[in-house]
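To get the working numbering, take the position in the sequence shown, counting from 1, and add 415. Where a beta carbon is used, it is the ideal one built from N, C-alpha and C, also for glycine. Predicted model, so just to flag it, every value in this text is computed and none were measured.
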Amino acid sequence: MRLFSILAAIAVSLAIYAFVFEREWLTNTLRLQSKTEATAPAPDGAEQSAPGTIGVIAIHSRAQNIDSAVVLRGQTQADRQVEVRAETSGKVISAPLRKGSFAEAGQTLCRLAPGTRDAALAEARARRSEAETRVPEAQARLAEAEARLAEAQLNNTAATTLGQSGFASDTRVAATRAALSAGEAAVQAAKSGLDAARTGIEGAEAGVAAAEEELARLDITAPFDGLLETDTAELGSLLQPGALCATVIQLDPIKLVGFISEADVARVELGADAQARLVGGQNVSGAVTFVARAADPETRTFRIEITAENADLSLRDGQTAEIVIASDGTPAHLLPQSALTLNDEGTLGVRVVTADSAADFVPVVLTRDTAEGIWVTGLPDAADVIVIGQEYVVAGVPVAASYEDTAQ
Numbered sequence: 416m417r418l419f420s421i422l423a424a425i426a427v428s429l430a431i432y433a434f435v436f437e438r439e440w441l442t443n444t445l446r447l448q449s450k451t452e453a454t455a456p457a458p459d460g461a462e463q464s465a466p467g468t469i470g471v472i473a474i475h476s477r478a479q480n481i482d483s484a485v486v487l488r489g490q491t492q493a494d495r496q497v498e499v500r501a502e503t504s505g506k507v508i509s510a511p512l513r514k515g516s517f518a519e520a521g522q523t524l525c526r527l528a529p530g531t532r533d534a535a536l537a538e539a540r541a542r543r544s545e546a547e548t549r550v551p552e553a554q555a556r557l558a559e560a561e562a563r564l565a566e567a568q569l570n571n572t573a574a575t576t577l578g579q580s581g582f583a584s585d586t587r588v589a590a591t592r593a594a595l596s597a598g599e600a601a602v603q604a605a606k607s608g609l610d611a612a613r614t615g616i617e618g619a620e621a622g623v624a625a626a627e628e629e630l631a632r633l634d635i636t637a638p639f640d641g642l643l644e645t646d647t648a649e650l651g652s653l654l655q656p657g658a659l660c661a662t663v664i665q666l667d668p669i670k671l672v673g674f675i676s677e678a679d680v681a682r683v684e685l686g687a688d689a690q691a692r693l694v695g696g697q698n699v700s701g702a703v704t705f706v707a708r709a710a711d712p713e714t715r716t717f718r719i720e721i722t723a724e725n726a727d728l729s730l731r732d733g734q735t736a737e738i739v740i741a742s743d744g745t746p747a748h749l750l751p752q753s754a755l756t757l758n759d760e761g762t763l764g765v766r767v768v769t770a771d772s773a774a775d776f777v778p779v780v781l782t783r784d785t786a787e788g789i790w791v792t793g794l795p796d797a798a799d800v801i802v803i804g805q806e807y808v809v810a811g812v813p814v815a816a817s818y819e820d821t822a823q
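This is the structure we're talking about:
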């Protein structure tokens, strides 16, 4: 038994050596055998091949236009997420809302105790009223000063005229001029007082606005419709400016985020249809809404965002997804996977039947693997692809091809 095993191993090793290293010799031997068989009479009803040919089975394949989709992995991401924080200090006086609750835009999440803010607003309003009453008084003083200035101008004109005629003394003329200067100064002072009164009103209004804004900050509201990712601040807790009240996320619509290589980024366009399948089996449809213009400096990949509807909020933030983005179609052939072979240089391709009924090797590129077969590019629009016997022929070997139907 041991001797038989040794002999069998030697025979197998010789066969492998002949097939791998002496392929040309083996091919010539097969040709010789084919010639010998060709000289023998053919059985009844069988076709006789030309001398030196090798029988193979091939299919008539024609190129079809398929979507060369871009496939990448990514994850779901909330369309918007914000941490709602306090802008002023105060003690929370509202009952907390629990995480998972839906909050509408403008809904109060945390309410703070007003403290003395109401009194500060009342004081600011009183100062504004007081400032408003000073304006009429300042206007009256201005009118009085302007009337006195007009009188001083008349007196000065009359004294000057009489002085020139010799009917008024120089003392009287000097006195009227002094009164005129005093009137002008009084008018200027009245105008300054009116301006100060109006400035006081503006300052008082600013104080009122600040007090009202401070009161408005006591109600911390949701900036948009969304879900509470955390509980709101607990009743009785003290919030300082910047303290967290709650985290709100918006899941409708939802984003699918992935990163694409620099070799494929040019194939993705804004608005392109996209499909995604989540780990849980859910299918999502959307459209590309963002393609980054700058690559990540470490990975050299570009961020892609797809927006999809999520009205029922069934999709969550952070779910892993396999994303397929539609791209321009490309002609490809659907072949059985067994048709693939390697040439002596290790290049992936298929063997085809030429117009001269000879075998030839054509390199191909695998684009997609499906249950029906593989889609490859690199072949002409129409090709006769050898699917059985391609391992026994090389380029230039005559073949006798039998064709089988294909379901393409």
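A direct Cα-to-Cα measurement between residue 717 and residue 775 gives close to 41 Å. Ranked by Cα distance from residue 778, the first of 544, 738, 758, 533 is 758. Residue 797 is bridged by DSSP to 477. Using a Cβ distance threshold of 8 Å, residue 694 and residue 734 count as a contacting pair. Cβ-Cβ distances below 7 Å link residue 616 to 543, 546, 547, 550 in the same chain, with the five nearest sequence neighbours on each side left out; the list follows chain order. Residue range 744–750 is occupied by the beta strand (DSSP E) that includes residue 746. Within the stretch 539–583, no alpha helix (DSSP H) run of at least 4 residues lies entirely inside it. Under the DSSP assignment, residue 490 falls in the beta strand (DSSP E) whose first and last residues are 485–500. Here residue 557 is near residue 609, since their CB atoms are less than 8 Å apart. Pairing residue 647 with residue 525 gives a Cβ-Cβ distance under 8 Å.
Rounded to the nearest whole angstrom, the C-alpha separation of residue 768 and residue 806 is 13 Å. Under a 10 Å Cβ-count criterion, residue 589 is classified as exposed, with fewer than 16 other Cβ atoms of the shown protein chains found around its own Cβ. Annotation for residue 528: 505, 506, 508 place their beta carbon closer than 7 Å to its own, counting only its chain and skipping 5 residues before and after. In this structure, the alpha-carbon of residue 665 lies about 26 Å from that of residue 683. Spanning the alpha carbons of residue 474 and residue 753 requires a straight line of approximately 13 Å. Excluding the 5 residues flanking it on each side, residue 800 has same chain C-beta neighbours closer than 7 Å at 473, 474, 476, 750, 754, 765, 767, in chain order. Taking residue 495 as the centre and dropping the five residues before and after it, the same chain places the C-beta of 665 closer than 6 Å to its C-beta, in chain order. Out of 715, 554, 631, 560, the CA that lies nearest to the CA of residue 501 is found in 631. Bounds of any beta strand (DSSP E) do not take in residue 508, whose DSSP letter is neither H nor E. A residue is called buried when at least 16 other Cβ atoms come within 10 angstroms of its Cβ; residue 425 does not meet this threshold and is exposed.
The three-state secondary structure of residue 783, taken from DSSP, is strand.
In this model, residue 809 and residue 817 are separated by some 17 Å (Cα to Cα). Distance check between residue 690 and each of 512, 599, 720, 517 places 720 closest, using alpha-carbon atoms only.
With distances taken between CA atoms, residue 489 lies nearest to 736 out of 820, 736, 530. Within the stretch 715–778, complete beta strand (DSSP E) segments of at least 3 residues are found at 716–723, 735–740, 744–750, 763–768, 774–778, given in chain order. Here residue 772 is not near residue 712, since their CB atoms are 8 Å or more apart. In this chain, the beta strand (DSSP E) harbouring residue 818 covers 814–819.
Looking at the DSSP output, residue 653 shares a beta bridge with 506. By the Cβ neighbour-count rule, residue 602 is buried, with 16 or more other Cβ atoms within 10 Å of its own. When the beta-carbon positions are compared, residue 748 and residue 685 stay at least 8 Å from each other.
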